[in-house]
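Visitor: Whatever position you read off the sequence shown (first residue = 1), add 447 for the working numbering.
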Amino acid sequence: MPTLANQRCFNHAGREAVARCPECRQFFCRECITEHDDRVLCTACLAKLARVPFAKRPAFVRVLRLARCAFGILMAWFFFYLIGELLLKIPSSFHEGTLWRANWTDQE
Ligand SMILES: [Zn+2]
Ligand SMILES: [Zn+2]
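(1) Cα separation between H459 and L496?
(2) Give me the Cα-Cα distance between G531 and V508, rounded to the nearest whole angstrom.
(3) Please classify F474 as buried or exposed, where buried requires at least 16 other C-beta atoms within 10 Å of its C-beta.
(4) Exposed or buried, what is C516 when buried is set at 16 or more other beta-carbons lying within 10 Å of its beta-carbon?
(5) Have a look at the DSSP bridge pairing and note the partners of I480.
(6) Quick one, are the C-beta atoms of R462 and C476 less than 8 Å apart?
(7) Rounded to the nearest angstrom, what separates P469 and E482 at their Cα positions?
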């Protein structure tokens, strides 16, 4: 089991290691390690972690925005389609006012 005390930096063979990167499990000196979100990472892993969200986030947001936009258009189309259907189903007598009059006289 290798201990931190007798380990050398992964990048600098002449330097003593001060920390171990939890991502790549390599030992690094103070210069090669950086703190990020309460975690100690080597510069290579930090760059790897920093690159992933930047590459993924815009695509995800774009897809989400597109889906929301498409859904909105679909809902609007469905809404107007329903209104159109309703207007077609209503008999022309309704627009003339005769249907209302006929219904009221039936009920009384
Ligand atoms: Zn690392
Ligand atoms: Zn180093």
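Ideal Cβ positions, reconstructed from N, Cα and C, are used throughout, including at glycine.
Guide: Concretely, from the data shown:
(1) The residue labelled residue 459 in the question sits at position 12 within the sequence shown. The residue labelled residue 496 in the question sits at position 49 within the sequence shown. Using only the alpha carbons, I get a separation of about 22 Å.
(2) On the sequence shown, residue 531 is found 84 positions in, with the first residue counted as 1. On the sequence shown, residue 508 is found 61 positions in, with the first residue counted as 1. Their backbone Cα atoms lie some 34 Å apart in a straight line.
(3) Locating residue 474 in the sequence shown gives position 27, counting from the first residue. With 16 or more Cβ atoms within 10 Å of its Cβ, F474 is classed as buried.
(4) Residue 516 sits at position 69 when you count from the first residue of the sequence shown. Exposed is the call here.
(5) Working through the sequence shown from its first residue, we reach residue 480 at position 33. Looking at the DSSP output, I480 shares a beta bridge with C489.
(6) Within the sequence shown, residue 462 is the residue found at index 15, counting from 1. Within the sequence shown, residue 476 is the residue found at index 29, counting from 1. Result yes, Cβ atoms of R462 and C476 sit closer than 8 Å.
(7) For the purposes of this step, residue 469 is identified with residue 22 of the sequence shown, where counting begins at 1. For the purposes of this step, residue 482 is identified with residue 35 of the sequence shown, where counting begins at 1. Near 12 Å, if we compare the C-alpha coordinates of E482 and P469.
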